[in-house]
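Here the structure comes first, spelled out in structure tokens, and everything after it is commentary.
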Amino acid sequence: MERLADRLQAGEVLVADGAMGTLLIERGLPPGEAPESLNLRRPDLLEEIARLYAEAGAQIVGANTFGGSPARLAMHGLAGEVEAINRTGVEAARRGAGEGIYVAGSCGPSGRLLKPYGDADPDEIYAGFLRQTGALVAAGVDAIYVETMTDLAEARLAVRAAKAASGAIPVAATMTFDRTRRGFYTVMGVDIPAAAAGLAEVGADLVGANCGNGIEDMVLIARAFAACAERPLLIQSNAGLPETVGGRLLYKETPEFMAARVPELIAAGAAVIGGCCGTTPAHIRALRQAVDRTMSGRRPRAKETREGTQA
Amino acid sequence: MEILTRIGAALQEGDDEAVGRLTGEALAEGLAPRRILDEGLIGGMNAIGEQFRRHELFLPDVLLAAKAMYAGLDRLQPLLAAEGGALRGKVCLGTVRGDLHDIGKNLVAIMLRGAGFEVVDLGRDVAPRRFVDAARETGALVVGMSALLTTTMPVMKEVVDLLRAEGLAGRVKTVVGGAPLSAAYAKEIGADAYAYDAAHAIEVVKRLTA
Numbered sequence: 001m002e003r004l005a006d007r008l009q010a011g012e013v014l015v016a017d018g019a020m021g022t023l024l025i026e027r028g029l030p031p032g033e034a035p036e037s038l039n040l041r042r043p044d045l046l047e048e049i050a051r052l053y054a055e056a057g058a059q060i061v062g063a064n065t066f067g068g069s070p071a072r073l074a075m076h077g078l079a080g081e082v083e084a085i086n087r088t089g090v091e092a093a094r095r096g097a098g099e100g101i102y103v104a105g106s107c108g109p110s111g112r113l114l115k116p117y118g119d120a121d122p123d124e125i126y127a128g129f130l131r132q133t134g135a136l137v138a139a140g141v142d143a144i145y146v147e148t149m150t151d152l153a154e155a156r157l158a159v160r161a162a163k164a165a166s167g168a169i170p171v172a173a174t175m176t177f178d179r180t181r182r183g184f185y186t187v188m189g190v191d192i193p194a195a196a197a198g199l200a201e202v203g204a205d206l207v208g209a210n211c212g213n214g215i216e217d218m219v220l221i222a223r224a225f226a227a228c229a230e231r232p233l234l235i236q237s238n239a240g241l242p243e244t245v246g247g248r249l250l251y252k253e254t255p256e257f258m259a260a261r262v263p264e265l266i267a268a269g270a271a272v273i274g275g276c277c278g279t280t281p282a283h284i285r286a287l288r289q290a291v292d293r294t295m296s297g298r299r300p301r302a303k304e305t306r307e308g309t310q311a
Numbered sequence: 001m002e003i004l005t006r007i008g009a010a011l012q013e014g015d016d017e018a019v020g021r022l023t024g025e026a027l028a029e030g031l032a033p034r035r036i037l038d039e040g041l042i043g044g045m046n047a048i049g050e051q052f053r054r055h056e057l058f059l060p061d062v063l064l065a066a067k068a069m070y071a072g073l074d075r076l077q078p079l080l081a082a083e084g085g086a087l088r089g090k091v092c093l094g095t096v097r098g099d100l101h102d103i104g105k106n107l108v109a110i111m112l113r114g115a116g117f118e119v120v121d122l123g124r125d126v127a128p129r130r131f132v133d134a135a136r137e138t139g140a141l142v143v144g145m146s147a148l149l150t151t152t153m154p155v156m157k158e159v160v161d162l163l164r165a166e167g168l169a170g171r172v173k174t175v176v177g178g179a180p181l182s183a184a185y186a187k188e189i190g191a192d193a194y195a196y197d198a199a200h201a202i203e204v205v206k207r208l209t210a
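Protein sequences appear in the order of chains A and B.
Quick note on numbering: my numbering labels position 122 of the first sequence as 122, and the sequence is numbered without any gaps.
Quick note on numbering: my numbering labels position 189 of the second sequence as 189, and the sequence is numbered without any gaps.
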């Protein structure tokens with residue numbers, strides 16, 4: 001299989017998978033249970049989800065390892081299972097996705113606040129990310145997603161750990177932004193230029209945003225990244241923000257609604273487009289079709305996009 | 001008056017050392033502990049909360065301000081307790097079962113303590129049964145529930161229902177908060193109130209216990 005890094009380098013736009021948690025909840029994951037515990041107990045569910053996304057046209061599927069860092073697993077009494085959970089998560093995704101599909105290991109926040117805001121020691125958090133990403137690399141992932149980050153310092157620790165675990169595979173780093181009157185910021189106060197520069201500086205091969213927004217705001221976020229980022233973009237949008245209707249949670253953006261914005265994401269320099277909370281295989285199918293329609297040629301390089309916006 | 005403004009300003013800068021020192025100076029000047037608390041510390045936290053809502057500052061600033069508030073509270077608490085009658089009643093607080101996110105809940109706990117309530121902090125991942133037992137055993141007037149995850153919000157309804165089933169509804173008021181919550185959701189599950197942030201939680205709890 002051609003290396004993921006080479007395809008991105010060649011200017012291809014790839015489609016990633018959609019929500020994991022949303023599908024696991026549909027399959028009976030009880031509220032509050034660590035989704036990663038299913039890697040050990042019900043790998044068949046993860047295999048099924050990877051297969052559904054691959055069949056829908058995803059070219060990269062994520063392993064169910066978002067909360068697989070030691071700090072996070074410790075909150076569920078699973079700190080002893082870091083290696084097993086990360087390995088089985090990758091293996092299940094690989095089996096389900098089959099030949100020719102890339103598997104990305106997911107690495108989410110530790111769940112701890114770094115000093116001085118909380119009590120977490122950066123060295124300890126780095127060591128935890130290194131242990132997790134080391135396990136992902138040992139299990140043979142094709143890429144690592146550092147994702148849903150809000151604290152740039154923590155995101156940088158995770159990227160550094162992922163790069164230390166393997167210099168050979170691409171590391172994508174995405175943060176979660178909120179819209180404010182003064183632009184997009186994470187809850188910890190990180191804006192897009194700071195994220196783009198801070199993540200690239202420690203070696204992220206792709207930068208971008210996931211979660212927290214529907215597709216329309218993600219287009220704005222992608223443009224803001226394109227204006228300053230030297231790296232290709234990874235954009236994983238929610239199917240809107242959840243609304244409660246009669247006690248049930250609904251994500252209201254349809255596959256067609258999201259797919260309609262794909263040309264704008266690509267014009268802004270998105271190299272990988274996928275979904276986050278609320279997106280389903282139907283959304284990914286629509287995104288893939290839209291990417292294929294849009295990509296008669298190469299995607300514009302980040303630099304060309306920037307020159308384009310200046311012109 | 002001057003010193004109270006300085007306490008509020010130091011708190012907003014997250015300068016815990018200065019807040020502790022200035023609180024000591026204010027006491028030495030003979031200001032009442034309750035006034036130092038209300039106009040200095042809580043005044044400062046309210047200003048922080050307001051700026052946070054307007055996205056003029058972010059969570060790190062709130063967390064540092066909360067730390068600084070503790071530096072002042074530590075000095076005032078023994079005096080407030082000795083004043084007697086200062087305590088406004090008990091509140092049981094927790095992040096609901098399945099949810100491990102407690103930053104917001106901890107801020108509410110600090111603010112309520114500051115406002116003179118006795119806070120029984122049940123921690124995070126708290127089962128409905130624990131909320132109800134704790135409310136009964138401590139004689140709490142209010143049960144406060146927090147959730148960050150959309151998947152754990154429904155646990156709040158279990159708590160409300162269990163309080164009702166055990167005949168505690170009415171005597172024990174319920175207030176809910178957290179990023180995915182809304183007044184509409186609070187109403188839908190039968191909670192007594194929704195608080196949109198820590199400063200608002202104080203107003204709401206004061207109203208519920210008045």
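Yeah, the Cβ is synthetic: ideal placement off N, Cα and C, and Gly gets one too.
Remember, predicted model here, so these are calculated numbers, not experimental data.
Where the beta strand (DSSP E) through residue i begins and ends
i      : result
A:Y145 : A143 to M149
A:A19  : Run containing A:A19: none; DSSP gives neither H nor E here.
A:F184 : G183 to Y185
A:N210 : L206 to N210
Exposed unless 16 or more other CB atoms sit within 10 angstroms - verdict on residue i
i      : result
B:K157 : buried
B:K105 : buried
A:Q9   : exposed
A:R181 : exposed
A:V245 : exposed
B:G123 : exposed
A:S110 : buried
A:P296 : For the record, residue 296 of chain A in the displayed sequence is Ser; it is not Pro. Counting Cβ neighbours within 10 Å, A:S296 comes out exposed, since fewer than 16 surround it.
B:D61  : buried
A:P242 : buried
A:R72  : buried
A:L250 : exposed
Backbone CA spacing between residue i and residue j [nearest angstrom]
i      : j      : result
A:M149 : A:G278 : 19 Å
A:Q310 : A:E230 : Because A:Q310 carries a pLDDT of 39, less than 50, the predicted location of this residue cannot be relied on, and no value is offered for it.
A:L347 : B:L63  : This structure gives no information on residue 347 of chain A, because the portion of chain A shown stretches from 1 to 311.
B:V204 : B:L162 : 22 Å
B:L112 : A:R3   : 55 Å
B:P180 : B:K173 : 21 Å
A:G67  : A:C107 : 7 Å
B:A184 : B:L57  : 27 Å
A:I169 : A:A5   : 7 Å
A:D121 : B:I189 : 40 Å
A:A138 : A:A227 : 36 Å
A:L287 : B:Q12  : 46 Å
A:Q289 : A:D217 : 21 Å
A:I183 : A:G96  : Sequence inspection shows Gly at residue 183 of chain A; the Ile mentioned does not correspond to that position. Distance between the alpha carbons of A:G183 and A:G96: 40 Å.
B:F131 : A:R285 : 44 Å
A:G89  : A:N64  : 5 Å
N- and C-terminal bounds of the alpha helix (DSSP H) containing residue i
i      : result
B:L59  : L59 to E83
B:T220 : No statement about residue 220 of chain B is possible, as the shown extent of chain B runs from 1 to 210 and does not include it.
A:Y53  : P43 to A56
B:M145 : Not the alpha helix (DSSP H): B:M145 falls in the beta strand (DSSP E), residues V142 to S146.
B:E158 : P154 to A165
B:Y185 : A183 to I189
A:D123 : P122 to A138
B:D102 : B:D102 -> no alpha helix (DSSP H), and no H or E assigned at all.
B:Q12  : E2 to Q12
Residue i: CB within 8 Å of a non-hydrogen atom of the ligand ADP
i      : result
B:L168 : Among the ligands in the structure shown, none appear at all, so the ligand ADP cannot be discussed.
Expected contact under 8 Å - CB spacing of residue i and residue j to nearest Å
i      : j      : result
A:A93  : A:V103 : 5 Å
A:I235 : A:F177 : Between A:F177 and A:I235 the Cβ distance is about 11 Å, and since that is not below 8 Å, they are no contact.
B:V108 : B:V155 : So it is not a contact: roughly 17 Å between Cβ atoms.
B:V142 : B:T209 : 6 Å
Counting Cβ pairs closer than 8 Å, one from the segment 28-41 of chain B and one from the segment 68-83 of chain B, do we hit at least three? Yes, the segment 28-41 of chain B touches the segment 68-83 of chain B.
Between the segment 147-167 of chain B and the segment 193-207 of chain B, can you find at least three pairs of beta-carbon atoms closer than 8 Å? Result no; under three Cβ-Cβ pairs closer than 8 Å.
Contact the segment 12-28 of chain B vs the segment 36-46 of chain B: 3+ CB pairs below 8 Å: With the cut-off at 8 Å, the segment 12-28 of chain B and the segment 36-46 of chain B touch.
Does the structure place the segment 256-272 of chain A close enough to the segment 22-34 of chain A that three or more beta carbon pairs sit under 8 Å? Under the 8 Å Cβ criterion, the segment 22-34 of chain A does not count as touching the segment 256-272 of chain A, having fewer than three qualifying pairs.
Can you confirm whether the segment 212-220 of chain A touches the segment 194-203 of chain A when touching is taken to mean that 3 or more C-beta pairs between the two stretches lie within less than 8 Å? Segments in contact, no.
Between the segment 126-133 of chain A and the segment 159-170 of chain A, do three or more beta carbon pairs fall short of 8 Å? By the Cβ rule, the segment 126-133 of chain A counts as touching the segment 159-170 of chain A, because three or more pairs are nearer than 8 Å.
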